[in-house]
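Just so we're aligned: the sequence shown equals residues 4 to 465 in the working numbering.
Each residue gets a CB set at the ideal place from its N, CA and C atoms; glycine is no exception.
So the structure is just underneath, and the comments pick up after that.
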Amino acid sequence: MKPQRGKVPQSSGNQASGSLSQSVPETQGQIPADGGGPLLFDRALVSSPQAGIDFISNILESSTEYSIIAMDLNGTLVLWNAGARRLYGYGPDEVVGKANSSILHAAEDVRAGLPGQIMAEAREHGKWEGTLTRKRRNGEEFKARVVITPRRDPSGKPIGFLLISKDISEEIRLTQYARSLIEASLDPLVTISPDGKITDVNEATIKVTGLARERLVGSDFSNFFTEPDKARDGYQQVFAKGLVTDYPLTIRRKDGKLTDVLYNASVYKDARDNVLGVFAAARDVTAQKQASQYARSLIEASLDPLVTISPEGKVMDVNEATVKVTGVTREKLIGTDFSNYFTEPEKAREGYQQTFAKGFVTDYPLTIRHVDGRLTHVLYNASVYRDARGNVLGVFAAARDITALKKAEAELAEQRARELERLAELERFQRLTVGRELKMIDLKKQVEDLQRKLTSLGGSAD
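What follows is the structure, given as structure tokens:
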């Protein structure tokens, strides 16, 4: 099959030779597509040389989003489409056959010989692709993504170059804006590929790891944590479920310093909804954790049983004193009903409900039952605790052990009862003694009365 040749009309009205096809099936033709390989088309579309010319002309003129330019081996412009006119500002009559492609390069690139280097690389490797600084007719410079491929005659001899470019200034602006937002975050941010490699980081990540961005990008995300398997499981969960929240990990800095973090992560996608990777943000909770540990140490230092209770009445946390007084481990206590550990469950339930209703209770008497049956009498003092916004989270309750006091009170009551009994006995004895005394006095009076009567009768009582 012989290649078909024709004249491709230029926008200026000039013509240049070009091949419409190479060795492809009889029913197909091909033209380069964005420098990335041939674009096949049905040969019926170009049934004649003129049809082929019109077909290619339509493609060139309709490609307004992309600048499509052809030049000879010296860089002289020989093809200029509508996209090139829009992108660079030159009309085809100003440049085709008249100007060199160097007018589209930044002055410093021309001085450095960059245009010639690029054409040499394109001839040697079959393509050059990259980002270049380009210059418009008005002198304005912009960034463009450029693909350059050699043009050849039917014998394969190089006759020039095809240059396809796209203005990516807006993409760069949006990327820089997104980067500025990312860098403004004080939290370490990172993007992770499906195979677990770091694809980007912000300055906060550099600081928390102590490693340069170049060292981080391309490395395994899980390598920078005290528990690599847990870190790996974390991002795999994100790919499986779409997100994770408050995932605890500890970052190990290169000097050994540890930073406790909570990761929140989700997948991010392209315009076609294909998952590209994971975007993860780490909240430094080291200070919070230290404060929590300090609070825990204070709680554990208390000899009184302390407990936090949810609005549903479930035990959320306890100290060691609570473990001892109930005989139940912390793990088994947490999540169970607070009222289950008292001799009067209903009274215990009423106590924490009063706290939620009124905000606190004081000296609320209850009796804790140990698993071995031993009883501990306590007085509960409790109040609600809140988050930073004032929302009630639960009840904090402290139990004062008054078992010894109750025992002392019982002993005192018993002693008082004994003393009262003794007093009653003394009172009975006194009444008995006094009664006898009164009786003797009365008898003595009767004797004296008889003696007086006898004397008065002239007799003698002797």
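Residue i and residue j closer than 7 Å at C-beta
{"i": "valine 395", "j": "alanine 385", "result": "no"}
{"i": "phenylalanine 282", "j": "threonine 194", "result": "yes"}
{"i": "arginine 137", "j": "leucine 107", "result": "yes"}
{"i": "tyrosine 91", "j": "arginine 148", "result": "no"}
{"i": "tyrosine 344", "j": "isoleucine 371", "result": "yes"}
{"i": "glycine 129", "j": "leucine 76", "result": "no"}
{"i": "glycine 338", "j": "histidine 373", "result": "no"}
{"i": "leucine 369", "j": "alanine 391", "result": "no"}
{"i": "serine 183", "j": "lysine 146", "result": "no"}
{"i": "proline 308", "j": "alanine 402", "result": "yes"}
{"i": "glutamate 144", "j": "alanine 109", "result": "yes"}
{"i": "glutamate 186", "j": "asparagine 205", "result": "yes"}
{"i": "leucine 306", "j": "alanine 324", "result": "yes"}
Buried or exposed (CB count within 10 angstroms, at least 16 for buried), residue i
{"i": "aspartate 170", "result": "buried"}
{"i": "threonine 262", "result": "buried"}
{"i": "leucine 429", "result": "exposed"}
{"i": "glycine 86", "result": "buried"}
{"i": "threonine 311", "result": "buried"}
{"i": "glycine 245", "result": "exposed"}
{"i": "glycine 78", "result": "buried"}
{"i": "methionine 74", "result": "buried"}
{"i": "tyrosine 180", "result": "exposed"}
{"i": "valine 264", "result": "buried"}
{"i": "asparagine 84", "result": "buried"}
{"i": "valine 278", "result": "exposed"}
{"i": "valine 450", "result": "exposed"}
{"i": "glycine 354", "result": "buried"}
{"i": "serine 188", "result": "exposed"}
{"i": "isoleucine 302", "result": "buried"}
{"i": "alanine 411", "result": "exposed"}
{"i": "isoleucine 444", "result": "exposed"}
{"i": "leucine 82", "result": "buried"}
Straight-line gap, residue i to residue j (C-alpha atoms, nearest Å)
{"i": "leucine 336", "j": "valine 321", "result": "8 Å"}
{"i": "glutamine 120", "j": "alanine 274", "result": "35 Å"}
{"i": "arginine 425", "j": "threonine 436", "result": "16 Å"}
{"i": "threonine 248", "j": "valine 241", "result": "9 Å"}
{"i": "valine 27", "j": "aspartate 156", "result": "With a pLDDT of only 38 at valine 27, under the threshold of 50, the placement of this residue in the model should not be trusted; the figure read from the coordinates follows. Those two C-alpha atoms are separated by around 16 Å."}
{"i": "arginine 216", "j": "arginine 256", "result": "14 Å"}
{"i": "alanine 416", "j": "lysine 447", "result": "46 Å"}
{"i": "glycine 21", "j": "leucine 80", "result": "Unreliable positioning characterises glycine 21 in this predicted model, as indicated by a pLDDT of 39, which lies under 50. A coordinate reading is not provided."}
{"i": "glycine 280", "j": "tyrosine 238", "result": "10 Å"}
{"i": "phenylalanine 341", "j": "arginine 299", "result": "20 Å"}
{"i": "histidine 380", "j": "glutamine 418", "result": "21 Å"}
{"i": "glycine 376", "j": "phenylalanine 227", "result": "51 Å"}
{"i": "lysine 272", "j": "leucine 177", "result": "16 Å"}
{"i": "serine 269", "j": "threonine 289", "result": "23 Å"}
{"i": "aspartate 452", "j": "leucine 460", "result": "13 Å"}
{"i": "phenylalanine 359", "j": "proline 314", "result": "8 Å"}
{"i": "leucine 117", "j": "valine 220", "result": "29 Å"}
{"i": "serine 104", "j": "aspartate 287", "result": "53 Å"}
{"i": "lysine 442", "j": "glutamine 433", "result": "14 Å"}
{"i": "isoleucine 71", "j": "leucine 135", "result": "15 Å"}
{"i": "threonine 356", "j": "glycine 362", "result": "Looking at the sequence itself, residue 356 is glutamine, so the reference to threonine does not match. Going by the C-alpha atoms only, they are around 10 Å apart."}
{"i": "glutamate 440", "j": "alanine 407", "result": "49 Å"}
7 Å CB neighbourhood of residue i in its chain, flanking five on each side removed
{"i": "glycine 94", "result": "Arg88"}
{"i": "arginine 333", "result": "Val321 and Val326"}
{"i": "threonine 229", "result": "Thr253, Arg255 and Leu261"}
{"i": "glycine 199", "result": "Asp223, Phe224, Ser225, Arg235 and Tyr238"}
{"i": "tyrosine 297", "result": "none"}
{"i": "asparagine 141", "result": "Gly92"}
Close beta carbons around residue i, own chain, < 6 Å, minus the five adjacent residues each side
{"i": "alanine 400", "result": "Val310, Tyr383 and Ala385"}
{"i": "alanine 284", "result": "Asp190, Leu192 and Asn267"}
{"i": "glycine 38", "result": "In this prediction, glycine 38 has a pLDDT of 41, which is less than 50 and means its spatial position is unreliable; what the coordinates show is noted afterwards. Cβ within range, chain order: Lys130, Val150, Thr152 and Ile167."}
{"i": "tyrosine 367", "result": "Gly354 and Tyr383"}
{"i": "alanine 102", "result": "Leu80"}
Chain-order list of residues whose beta-carbon lies under 8 Å from that of residue i (same chain, five-residue window excluded)
{"i": "proline 161", "result": "Leu76, Arg126, Pro153, Arg154 and Arg155"}
{"i": "aspartate 258", "result": "Gly213"}
Item checked: Contained beta strand (DSSP E) runs [length at least 3] in the segment 355-410, N- to C-terminal order -> Fully contained in the segment 355-410 are the following beta strand (DSSP E) runs of length 3 or more, in chain order: 363-372, 378-389 and 395-404.
Next item on the list: Pick out the complete beta strand (DSSP E) segments inside the segment 174-249, 3 residues or longer, and give them in chain order.
Entry: The qualifying runs are 192-195 and 201-204.
Notebook entry, point to check: Can you list the beta strand (DSSP E) stretches of 3 or more residues lying completely in the segment 93-139, in chain order?
Noted result: Runs found: 131-138.
Next item on the list: Tell me the start and end of each unbroken alpha helix (DSSP H) in the segment 274-343 that is at least 4 residues and wholly inside, in chain order.
Entry: Complete alpha helix (DSSP H) runs here, min 4: 289-304, 323-329 and 333-336.
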